[in-house]
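Structure first, commentary second.
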Amino acid sequence: MADHKIKTIGVLTSGGDAPGMNAAIRAVVRRGRGRGLRTMGVYRGYEGLINGEIRELEAKDVSDIIGRGGTILYTARSADMRTDAGQEKAVEMCRKFGIEGLVVIGGDGSFAGAQKLAERGINVVGVPGTIDLDIACTEYTIGFDTAVNTAIEAIDKVRDTSASHERVSIIEVMGRNAGYIALWAGIGSGSENILLPEKYDYDEQQVINNVISTRRKGKKHHIIINAEGIGHSTSMARRIEAATGIGTRATILGHMQRGGRPTGRDRMMATMMGARAVDLLIEGKSQRVVAWKKGELVDYDIHEALSMQKDLDPYEYEISRALSYNYSKI
Ligand code: F6P
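For the sequence shown, the working numbering assigns the number 929 to the initial residue and increments by one for each residue that follows.
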């Protein structure tokens, strides 16, 4: 590809949507046009690629979207893309629409699809877009910042009523397999317990003891952040109320965390990552994933990126516990 000047690229969003995806799409289209490329918008993720739901995006098509949540390209979780037939069809469509490089904005599952296309000879660049922050090669993913802010705003509101009624509140945040939203929202809201899929040992008695102990210390409310991966917040609330005699309510924040206007950070980072993806394709670098590491935009080979592992930051976890009424020496 190095000595061939590409003329047409494609862009799609895949998996769960995330605030800031539109800013990334805008950057891909406008950076592409600025550097002499046509950009094809692929609708509904890989489903749309397989079905040929593709049309050219002009600069004006991405006007006024930088501050909008969701994705103007729509998104899907594609079962067909996991099959040979689906992948072959996707490649066929790239050829049919003249797509010489494809920017895939999504999470690990979306990158796995991109990896399959790469193995079949399509030039791809991944841009990390997921509220979960669970992509190992990067310290930033599009949408995480907005989702955490949304969760914190909601937790603050629940705390007001929880304190007035001197109740315990369990607030369930998104994250099936990853506790980053729970950890950040828990620290950012000063919550008493943060239950993380990576750490929780299902010792509910420990949580109950914490509730009793904070109440004895005079705390009027007790906020428990529970990650979706642990779940069962409503039944947990019933059990805690029965064991402690303290009114306990569960609030499941759900998909509201995926929506809303992206924060300034998400707009900025999504813009830079989208633009970088286009620059990489123009430079003849494909099969890459754009990432943020130690305060810099970098890129990794897609196979390497998908083989990386990451865990919660141990110091963040330690501090979440150290500052909580339960574990501190306060
Ligand atoms: O990956 C983003 C995410 O919002 C996760 O936090 C959550 O577990 C999942 O998507 C929910 O997916 P769906 O919208 O398909 O139910």
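Quick reminder that beta carbons are idealized off the backbone N, C-alpha and C, glycines included.
Here the structure is a predicted model, which means the values were calculated and not measured.
Residue i, DSSP secondary structure in three states
i: L977; result: helix
i: K1085; result: helix
i: I1236; result: Note on residue identity: the sequence assigns Met, not Ile, to residue 1236. M1236 falls in the coil class under three-state DSSP.
i: N1254; result: coil
i: E1224; result: strand
i: P1242; result: helix
i: H1093; result: coil
i: A1165; result: helix
i: V1052; result: strand
i: A1178; result: strand
i: T941; result: strand
i: D992; result: coil
i: D1060; result: coil
i: D1129; result: coil
i: R1005; result: coil
i: R1249; result: helix
i: R1186; result: helix
i: T936; result: strand
i: A1219; result: strand
i: I1000; result: coil
i: I1230; result: helix
i: I1070; result: strand
Residue range of the unbroken beta strand (DSSP E) whose run includes residue i
i: S1097; result: 1096-1101
i: I1152; result: 1150-1155
i: G1114; result: First-last for G1114: 1108-1116, but that is the alpha helix (DSSP H), not the beta strand (DSSP E).
i: R983; result: 982-985
i: T967; result: 966-970
i: L1123; result: 1121-1123
Span separating the alpha-carbon of residue i from that of residue j
i: I924; j: I994; result: Past the boundaries of the shown model lies residue 924; the chain is included only from 929 to 1258, so the question cannot be answered.
i: I1174; j: I1168; result: 8 Å
i: D1204; j: L1124; result: The question names Asp, but residue 1204 in the sequence shown is Arg. If you take the alpha carbons of R1204 and L1124, they lie about 33 Å apart.
i: D1073; j: S1090; result: 25 Å
i: A952; j: T1069; result: 11 Å
i: N1138; j: S1092; result: 20 Å
i: R983; j: V1206; result: 18 Å
i: P947; j: K935; result: 29 Å
i: M1201; j: I1059; result: 15 Å
i: G1146; j: S1161; result: 24 Å
i: A1013; j: G1114; result: 44 Å
i: G943; j: N1105; result: 15 Å
i: G997; j: V1218; result: 21 Å
i: T1172; j: I1140; result: 7 Å
i: R972; j: R959; result: 22 Å
i: A1155; j: S1163; result: 14 Å
i: M1196; j: A955; result: 10 Å
i: S1252; j: A1004; result: 39 Å
i: G1037; j: N979; result: 19 Å
i: V1076; j: T1179; result: 16 Å
i: E1081; j: E1016; result: 45 Å
i: V939; j: A1007; result: 19 Å
i: N950; j: I1000; result: 7 Å
i: G1192; j: A1170; result: 44 Å
i: R1186; j: K933; result: 37 Å
i: L985; j: E1224; result: 29 Å
i: G1157; j: E1126; result: 9 Å
The ligand F6P heavy atom lying under 7 Å from the CB of residue i
i: T1058; result: yes
i: H1183; result: yes
i: E1126; result: no
i: G1035; result: yes
i: G1107; result: no
i: M949; result: no
i: K975; result: The question names Lys, but residue 975 in the sequence shown is Glu. No, the ligand F6P has no heavy atom inside 7 Å of this Cβ.
i: R972; result: no
i: R1104; result: yes
i: E1100; result: no
i: E1156; result: yes
i: G943; result: yes
i: R1195; result: no
i: R1010; result: no
i: R1005; result: yes
i: R1095; result: no
i: R1186; result: yes
Limits of the alpha helix (DSSP H) - the one that residue i falls within
i: N1138; result: 1132-1144
i: E1047; result: 1036-1047
i: I1210; result: 1192-1210
i: I953; result: 949-962
i: R1023; result: 1012-1024
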